[in-house]
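Participant: This is the structure I have questions about; it appears just below.
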Amino acid sequence: MKDSIRVIDSIQEMREYRSLIYETKNIGFVPTMGYLHEGHLSLVEQSNKESDITIVSIYVNPTQFGENEDLQTYPRDIDRDLDLLCKYNVDAVFYPNNKEMYPEGYLTWVEVEKLSSLYCGRSRPTHFKGVSTIVSKLINIVRPLYLYMGEKDFQQIAVLKKMIEDLNYDTYIRPCPIVREIDGLALSSRNAYLNEKERRNALSLYEAQILAKEMIYKGERNIDTVISKMRKLINEKDGRIDYIEFVDPHTLELKADLIGTLRVLMAVYIGKTRLIDNFEITIN
Ligand code: PAF
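Take any residue in the sequence shown, count from 1 to its spot, add 85: that is its number in the working numbering.
Listed below in structure tokens is the structure:
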């Protein structure tokens, strides 16, 4: 099965492959850190629908992990990933290594100011610098028209949209909806860290969303009241809240009033695992 998928593990080969694709062909690109799940596969499916060529990258980018984070333990299984991708229409998998992506003497970084220091950036101050640098490098190598990204990483999409705009890349982000387990837990490669009890407690992120929506649809208009009820529910399930914020979906600025379309962003530690999730709410 694996033999039928083209795996490219050097930048030189990726560039050669890319240069053979006609300019009239749309390239859809799905950058990932591997350990693929249905969320990633939904991005591949979307690319298959809209693009002539689909390229997936698998690379656990070390520079987006903080010093005390989970780079060493981050789940990896390339054979499983390739088996999964074989079932889709993937033209090439780019699987580079650290030596090539960050050779000795590497000095160049891409940083999107302001947006990178909000929310997740408060507890992960170097994270988005690592993300924007690697995605910038990948765009330069793959030169895709479309970049498929899951809305679970809502802030990541906002940061990368700004980077693409500011650096004049000829690439467009196609945000795709969050994919959830049947009970509502947002899919994430990090869910693999959760033990049975933590997996049950992790559901509190989704339950807090349902609670918030119910409160708001029943007429509650005070953001602090909604957040404090969400916090209580999550704390009762042993969740340690990093943040819950109601923001403008375009600028990511904090919203003071429950009016129009808002995005509610949240990050919660369940045990040692930091999970993120978000949802949209519209009040007319
Ligand atoms: O969302 C991810 O998996 C990563 O942040 C990305 C975009 C592949 C960059 O390493």
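Built from N, CA and C at the ideal position, the CB exists for glycine as well.
If you run the structure through DSSP and keep just helix, strand and coil, what is alanine 297?
Facilitator: The count along the sequence shown starts at 1 and reaches residue 297 at position 212. Here alanine 297 sits in helix by DSSP.
Participant: Kindly examine the ligand PAF and report whether one of its heavy atoms sits closer than 7 Å to the Cβ of glutamine 294.
Facilitator: Taking the sequence shown and counting its residues from 1, one reaches residue 294 at position 209. Checking every heavy atom of the ligand PAF against the Cβ of glutamine 294, none is found closer than 7 Å.
Participant: Can you list, in chain order, the residues of its chain with a C-beta nearer than 6 Å to that of lysine 87? Leave out the 5 residues immediately preceding and following it.
Facilitator: As a first step, residue 87 is located in the sequence shown; it is residue number 2 there, counting from the start. Confidence at lysine 87 is low in this model, with a pLDDT of 43, below 50, so the placement of that residue should be treated as unreliable; the coordinate-derived value is given next. Result list for lysine 87: Leu167, in chain order.
Participant: Valine 141 and valine 115 look like a contact to me (Cβ under 8 Å); what is the Cβ gap, rounded to whole Å?
Facilitator: In the sequence shown, the residue the question calls residue 141 occupies position 56. In the sequence shown, the residue the question calls residue 115 occupies position 30. With a Cβ gap of about 5 Å, valine 141 and valine 115 count as contacting.
Participant: How about isoleucine 163: is its Cβ closer than 7 Å to a heavy atom in the ligand PAF?
Facilitator: Here residue 163 is taken as the residue at index 78 of the sequence shown, counted from 1. Incorrect: isoleucine 163 has no Cβ contact closer than 7 Å to the ligand PAF.
Participant: With contact counted as at least three CB pairs below 8 Å, one residue from each stretch, are the segment 176 to 187 and the segment 134 to 152 in contact?
Facilitator: With a cut-off of 8 Å, the segment 134 to 152 and the segment 176 to 187 count as touching, because enough Cβ pairs lie within range.
Participant: If I'm right that leucine 230 touches asparagine 111 with Cβ under 8 Å, what's the distance once you round it to whole angstroms?
Facilitator: Along the sequence shown, one-based indexing puts residue 230 at 145. Along the sequence shown, one-based indexing puts residue 111 at 26. Sure, about 5 Å apart at Cβ, within 8 Å.
Participant: For isoleucine 224, does the three-state DSSP call read helix, strand or coil?
Facilitator: Reading the sequence shown from its first residue, position 139 is the one you call residue 224. If DSSP states are grouped into helix, strand and coil, isoleucine 224 belongs with the helices.
Participant: Can threonine 117 be considered in contact with the ligand PAF, in the sense that its beta carbon sits closer than 7 Å to one or more heavy atoms?
Facilitator: Within the sequence shown, numbered from 1, the residue matching residue 117 stands at position 32. Checking the Cβ of threonine 117 against the ligand PAF gives yes.
Participant: DSSP beta-bridge partners for valine 349?
Facilitator: Walking along the sequence shown from the start, residue 349 turns up at place 264. According to DSSP, valine 349 bridges with Phe331, Phe364.
Participant: In whole angstroms, what is the alpha-carbon distance linking lysine 247 and lysine 340?
Facilitator: Counting from 1 along the sequence shown, the entry for residue 247 is found at position 162. Counting from 1 along the sequence shown, the entry for residue 340 is found at position 255. Those two C-alpha atoms are separated by around 20 Å.
Participant: I think isoleucine 242 touches isoleucine 258, with their Cβ atoms under 8 Å apart; what is that distance to the nearest whole Å?
Facilitator: Locating residue 242 in the sequence shown gives position 157, where the first residue counts as 1. Locating residue 258 in the sequence shown gives position 173, where the first residue counts as 1. 6 Å between Cβ atoms; contact.
Participant: Hey, quick one: how far does the beta strand (DSSP E) through arginine 259 stretch, first residue to last?
Facilitator: Counted from its first residue, the sequence shown places residue 259 at position 174. Per DSSP, arginine 259 belongs to the beta strand (DSSP E) from 257 to 261.
Participant: Taking the runs of the alpha helix (DSSP H) that are 4 residues or longer, which of them lie wholly in the segment 166 to 206?
Facilitator: Qualifying alpha helix (DSSP H) stretches, in chain order: 183 to 186.
Participant: Suppose contacts are defined by Cβ-Cβ distances below 8 Å. Is tyrosine 302 in contact with cysteine 261 by that definition?
Facilitator: Against the sequence shown, residue 302 aligns to sequence position 217. Against the sequence shown, residue 261 aligns to sequence position 176. For tyrosine 302 and cysteine 261, no; Cβs fall outside 8 Å.
Participant: Do lysine 314 and leucine 296 have their C-beta atoms closer together than 8 Å?
Facilitator: The count along the sequence shown starts at 1 and reaches residue 314 at position 229. The count along the sequence shown starts at 1 and reaches residue 296 at position 211. Cβ distance < 8 Å, so lysine 314 and leucine 296 count as in contact.
Participant: Whole-angstrom Cβ separation of aspartate 362 and methionine 351, contact assumed at under 8 Å?
Facilitator: Along the sequence shown, one-based indexing puts residue 362 at 277. Along the sequence shown, one-based indexing puts residue 351 at 266. The Cβ separation is near 5 Å, so the contact holds.
Participant: Output the distance between the C-alpha atoms of tryptophan 394 and asparagine 280, rounded to the nearest integer angstrom.
Facilitator: Outside the modelled stretch of the chain, which goes from 86 to 369, sits residue 394, for which no answer is possible.
Participant: Apart from the five residues just before and just after leucine 288, which ones in its own chain have a Cβ nearer than 8 Å to its Cβ?
Facilitator: As a first step, residue 288 must be located in the sequence shown, where it is residue number 203. If we look at leucine 288 and ignore the five residues flanking it on each side, its Cβ neighbours are Asp268, Gly269, Leu270, Lys322.
Participant: If I'm right that serine 89 touches glycine 113 with Cβ under 8 Å, what's the distance once you round it to whole angstroms?
Facilitator: For this step, residue 89 is matched to residue 4 along the sequence shown. For this step, residue 113 is matched to residue 28 along the sequence shown. With 8 Å as the limit, serine 89 and glycine 113 do not qualify as a contact, their Cβ atoms being about 19 Å apart.
Participant: Let me check you understand the geometry: is the CB of aspartate 238 closer than 7 Å to at least one non-hydrogen atom of the ligand PAF?
Facilitator: Taking the first residue of the sequence shown as 1, we reach residue 238 at position 153. Flag set: Cβ of aspartate 238 near the ligand PAF.
Participant: Put glutamate 142 into one of helix, strand or coil per three-state DSSP.
Facilitator: Numbered from its first residue, the sequence shown carries residue 142 at position 57. A small correction: the amino acid at residue 142 is serine; glutamate does not occupy that position in the sequence shown. Strand.
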